[in-house]
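Residue numbers (my numbering): -3 to 57.
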């Protein structure tokens, strides 16, 4: 029984270390995602503004 518990502890420690190593990657992914999100929002806003400008030009002609 004791032997199994010690091997389980080793597995727990390995998985814990692995999750800690994965943490910064997850943060980087989140940062990258928010950046992409922001860029897409800005791009969509620019496109909407261009569309409005084109519609206004058509209306004034």
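For glycine and all other residues, C-beta sits at the position ideal for the given N, C-alpha and C. From a predicted model like this one, the values you see are computed outputs, not experimental measurements.
Quick check: is the beta carbon of residue i nearer than 8 Å to any beta carbon in chain B?
i	result
residue 23	Here there is only one protein chain, and chain B is not present.
Distance, Cα to Cα, residue i vs residue j?
i	j	result
residue 47	residue 41	10 Å
residue 8	residue 36	40 Å
residue 23	residue 29	10 Å
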